[in-house]
Amino acid sequence: MRKAVATIFFIAFLLAFFISVSPWFMRPFGEPADTRMDDYIIKNAQNETGANNAVTSVVFDYRGFDTLGEATVLFTAVAGVVLVLRRYVHE
Amino acid sequence: MNRPSKIVRTIASITFPFIVVFGLYVVMHGHLTPGGGFQGGAVVASGFALLVVAFGTREVVRKIKEKHLSILESLGALAFISLAFAGITVTFFYNSLAGSGGLFGEIPKYGSNPGNMNTGGFLPLMNLSVGLKVIAGLSAVVLALALISLKGGEKK
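Following this line, the structure appears as structure tokens:
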């Protein structure tokens, strides 16, 4: 028991240490290390997908798999709610 | 269970169409303005929650069954996946409708422009299917939670 508490405190201390130290090692805001992908999407999103909203063209076209997973999460959540409450839902 | 007053019911029945229209606008203009299927679907589902609050669960359940909402949600998911498979000749999720000149097939000018509804290829259709899915799914969740409160209140 005491060992577990000590381990948890050690991990928490490590996390706090890294979080408080991390600002000195971060890149300055607005200066990403590599902008090739951003530049490509800003330049070509309108031409390739025909959508003015580049965010939508990323979400539904370039990263369509991610949206598929998101939709699956929603589907699973609804299925879980209906499954747990099926006694109430189906009279 | 006492019903909400006539004021609440009247205001709800007046504002509900506007909420639905705004949500469908957000869904349909997902490829032009901020928003999209998820956000607009959440707006419409919040309108449905307003109906449940204002008119009571029993009255809403009489009109809308949870079974039908589940069917609609599955239809939305199937439409989304089949739209993703529609571009399978190149890759999964390939936007083969963009720039084809047909439905949603125009290409806007580069740079900022007021926007054209008839652009985007598969994006508006995917937004619509995801919107249908989110509307039906969140409405089903709201309805299920409302039903549990209704039945739980009866047992006491």
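These protein sequences, in sequence, are chains C and W. Residue 1 is where the first sequence starts when you use this note's numbering, and the numbers rise one by one after that. Residue 1001 is where the second sequence starts when you use this note's numbering, and the numbers rise one by one after that. Think of the CB as a built atom: it goes at the ideal place given N, C-alpha and C, for glycine as much as any other residue. Keep in mind the model is a prediction, meaning the values are calculated, not measured.
Point to revise | Cβ separation of W:Arg-1125 and C:Tyr-88, assumed to be a contact under 8 Å, to the nearest whole Å | key: Against the second sequence, residue 1125 of chain W aligns to sequence position 125. Against the first sequence, residue 88 of chain C aligns to sequence position 88. In the sequence under discussion, the amino acid at residue 1125 of chain W is Leu, which differs from the Arg named in the question. Going by Cβ atoms, the distance from W:Leu-1125 to C:Tyr-88 rounds to 35 Å, so no, they are not a contact pair.
**Study point:** Cβ neighbour criterion (16 or more within 10 Å) applied to C:Met-37
**Key:** The sequence position of residue 37 of chain C within the first sequence is 37, counting from 1. Looking at its Cβ environment, which holds fewer than 16 other Cβ atoms inside 10 Å, C:Met-37 is exposed.
Point to revise | Where W:Met-1028 falls, given that 16 or more other Cβ within 10 Å makes a residue buried | key: To locate residue 1028 of chain W, count along the second sequence from 1; it is residue 28. The residue is buried, with at least 16 neighbouring Cβ atoms inside 10 Å.
Check your understanding: So, helix, strand or coil for W:Thr-1119, using DSSP?
Key -> As a first step, residue 1119 of chain W is located in the second sequence; it is residue number 119 there, counting from the start. Residue state, collapsed to three classes: strand.
Check your understanding: Residue ranges of each beta strand (DSSP E) run of no fewer than 3 residues wholly in the region 1002-1060 of chain W, ordered along the chain?
Key -> For the region 1002-1060 of chain W, not a single whole beta strand (DSSP E) run of length 3 or above is found.
Review point. Are the region 1046-1061 of chain W and the region 69-80 of chain C touching by the rule of at least three beta carbon pairs closer than 8 Å?
Key: Contact fails: fewer than three Cβ-Cβ distances are below 8 Å.
**Study point:** Proximity winner among C:Val-84, C:Val-55, C:Gly-50, C:Val-58, relative to W:Ser-1100 (alpha-carbon distances)
**Key:** Within the second sequence, numbered from 1, the residue matching residue 1100 of chain W stands at position 100. Closest in alpha carbon position to W:Ser-1100, among C:Val-84, C:Val-55, C:Gly-50, C:Val-58, is C:Gly-50.
Check your understanding: Under the rule that 16 or more other beta-carbon atoms within 10 Å means buried, what is W:Phe-1018, buried or exposed?
Key -> Counting from one through the second sequence, the residue named residue 1018 of chain W turns up at place 18. Around the beta carbon of W:Phe-1018, a 10 Å sphere encloses fewer than 16 other beta carbons of the protein chains shown; the residue is thus reported as exposed.
Practice item. Return helix, strand or coil for C:Glu-113, following the three-state DSSP convention. Key: This structure cannot settle anything about residue 113 of chain C, because the visible part of chain C is limited to 1 through 91.
**Study point:** Rounded straight-line distance, which links the Cα of C:Ala-33 to that of W:Val-1141
**Key:** For the purposes of this step, residue 1141 of chain W is taken as the residue at position 141 of the second sequence. For the purposes of this step, residue 33 of chain C is taken as the residue at position 33 of the first sequence. Approximately 42 Å between the Cα atoms of the pair.
Exercise for review: Just mark W:Gly-1120 as buried or exposed, buried being the case when its beta carbon has 16 or more other beta carbons within 10 Å.
Suggested key: For the purposes of this step, residue 1120 of chain W is taken as residue 120 along the second sequence, with counting starting at 1. It counts as buried.
Point to revise | Beta carbon proximity, W:Val-1141 to chain C, threshold 7 Å | key: Taking the second sequence and counting its residues from 1, one reaches residue 1141 of chain W at position 141. Yes, its Cβ sits closer than 7 Å to a Cβ of chain C.
**Study point:** Whole-angstrom distance between C:Val-78 and W:Ser-1005, CA atom to CA atom
**Key:** For this step, residue 1005 of chain W is matched to residue 5 along the second sequence. For this step, residue 78 of chain C is matched to residue 78 along the first sequence. Whole-angstrom Cα-Cα distance: 31 Å.
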